[in-house]
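Presented below is the structure to which this report refers.
Residue numbers (my numbering): 2 to 499.
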């Protein structure tokens, strides 16, 4: 982050406070975005649940070479994308491919709308993403062909990636420094609740088309953001729109019952300083691998992001393939994530970022491996272990984001976190194929989803703790911090806790 951005952040906090009534209102409005984010990312569990089938010609052999049509068990779901387009036997991979297309869309959407939000502001691109989400999600439900369904799902995911990145950035830009860690984690709870609502929708809507409509149409409400959601005051200052920023800050300060008389003068003083001072030279993506320390940071944090993407979305899909009631299994795995996310607020402060990530990864990994060892007839135990796995992954997701944001030096912090989060998207694209290996060997998915987090936990041992430490501003300071666990400044020396 540049000096200019830091100063703008200070003036915003000085003008409207750390966290008041205005912040609460805006955060609540933005939190609603996370419901459809969860729905579109995790809906594959009910769009393509496991389906028993047989060949209509002989009634027994499922995938014989001369079988031209299959008959499906419709006792639980009347229609899914598997039964709709006969995605079995040689076409089985297409169901997993549909989820990979979704995750690919989220990856591109994060980058595309991230660019738009930097250029055109936070609010308008967010509203555009919401409109695209509604139209393409509805289009997916009405698709007569599987290819059209894939295209519509990709566009819906593109929009979902946009709402994810813009909403998080907007929250981080308005919340005071003391609340950023807490709000950044609590921001995940609406996602958990959205996950919990999926089995409820699917229980009452057993046809995939109605289910797809149910997760797409509620976003129509979010179009009202055009009238009720404010622009980011920090972005307004960054692009030089001082008058609009002042008007917004005065309105927010009044809502927070703070004095507004000095805001205009304070903003002009800060902007004048920014115009006089020279910005530090920024870094680039090559700085992430230029030095031994940066290479280690990039590899270890990037792999842990990959772990979160692969194992969270893979495990969420795998739970739908366990024995027992699919609605209960998914609901339990979702509801347990809410206290886990709340717990991570305490854990990252009490245990530190590194230890929290190690413990959560280890918990997820061990529980997954145990699933592979439990006999299939003990469905309750396998479901319980799956819930423990999801608990660990929910905490890990919260910890890795904070950890990566503090570990990379200021000059490459944004590019470092952005590159690392791309690793999560790559993992999430591979996840459905790993979960689909249950058709090859039932023990393969839990073993893979178990070993990978354990590797991530081991790699964390190579990283320093960042809790209560001065964060490095340059690559050189990052090298010094890694070697000596200290950063020497002009008037103080900050030391790591490890």
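Every residue gets a Cβ at the ideal spot worked out from N, C-alpha and C, and that includes glycine. All values derive from a computational prediction rather than experimental measurement.
Do residue i and residue j have their C-beta atoms closer together than 9 Å?
| i | j | result |
| --- | --- | --- |
| residue 423 | residue 236 | no |
| residue 253 | residue 17 | yes |
| residue 346 | residue 186 | yes |
| residue 164 | residue 37 | yes |
| residue 123 | residue 170 | yes |
| residue 353 | residue 182 | no |
| residue 230 | residue 127 | yes |
| residue 160 | residue 133 | yes |
| residue 406 | residue 418 | yes |
| residue 216 | residue 106 | no |
| residue 102 | residue 43 | no |
| residue 20 | residue 180 | yes |
| residue 241 | residue 325 | no |
| residue 131 | residue 226 | yes |
| residue 288 | residue 413 | yes |
| residue 342 | residue 435 | no |
| residue 147 | residue 85 | yes |
Would DSSP call residue i helix, strand or coil?
| i | result |
| --- | --- |
| residue 377 | coil |
| residue 466 | coil |
| residue 74 | coil |
| residue 56 | strand |
| residue 208 | strand |
Here's a check: name, in chain order, each residue in its chain whose Cβ is nearer than 7 Å to the Cβ of residue i, leaving out the five neighbours to either side.
| i | result |
| --- | --- |
| residue 279 | Per-residue confidence for residue 279 stands at a pLDDT of 42, beneath the threshold of 50, marking its modelled position as unreliable; the derived number appears in the next sentence. Counting only Cβ-Cβ distances below 7 Å, and skipping sequence neighbours, we find nothing. |
| residue 296 | 290 |
| residue 431 | 311 |
| residue 172 | 28, 31, 184 and 188 |
| residue 110 | 158, 159, 160, 161, 162 and 163 |
| residue 410 | 473, 474, 475, 476, 478 and 479 |
Take residue i and list the residues in its own chain whose beta-carbon comes closer than 6 Å to its own, dropping the five residues that flank it on each side.
| i | result |
| --- | --- |
| residue 314 | 429 and 432 |
| residue 149 | none |
| residue 480 | 292 and 294 |
| residue 282 | For residue 282, the predicted structure reports a pLDDT of 49, less than 50, and the residue's modelled location is therefore unreliable. The matter cannot be settled from this model. |
Kindly list the residues whose CB is nearer than 8 Å to the CB of residue i, restricted to its own chain and excluding five residues on each side of it in sequence; keep chain order.
| i | result |
| --- | --- |
| residue 386 | 368, 369, 371, 372 and 375 |
| residue 247 | 264, 265 and 268 |
| residue 64 | 56, 89, 90 and 91 |
| residue 174 | 10, 13, 123, 233, 234, 235 and 236 |
| residue 1 | The structure shown does not extend to residue 1, since the chain is modelled only from 2 through 499, so no value can be given for it. |
Checklist entry - Can you list the alpha helix (DSSP H) stretches of 4 or more residues lying completely in the segment 230-302, in chain order? => result 234-239, 243-256 and 264-277
Checklist entry - Are there three or more Cβ pairs, one per stretch, closer than 8 Å when the segment 209-220 is compared with the segment 131-151? => result yes
Checklist entry - Are the segment 359-379 and the segment 391-402 touching, with three or more C-beta to C-beta distances below 8 Å? => result yes
Next on the checklist: Closer than 8 Å is the cut-off here; do at least three beta carbon pairs connect the segment 37-54 with the segment 195-202?
Outcome noted: yes
Checklist entry - Are at least three pairs of beta-carbons, each pair with one atom in the segment 45-57 and one in the segment 91-100, less than 8 Å apart? => result yes
Item to check | Those runs of the alpha helix (DSSP H) which lie wholly inside the segment 97-158 and span at least 4 residues | outcome: 124-142
Item to check | the segment 446-457 in contact with the segment 332-347 per 3-pair CB rule at 8 Å | outcome: no
Next on the checklist: In chain order, what are the residue ranges of uninterrupted alpha helix (DSSP H) at least 4 long that sit wholly in the segment 416-476?
Outcome noted: 445-461
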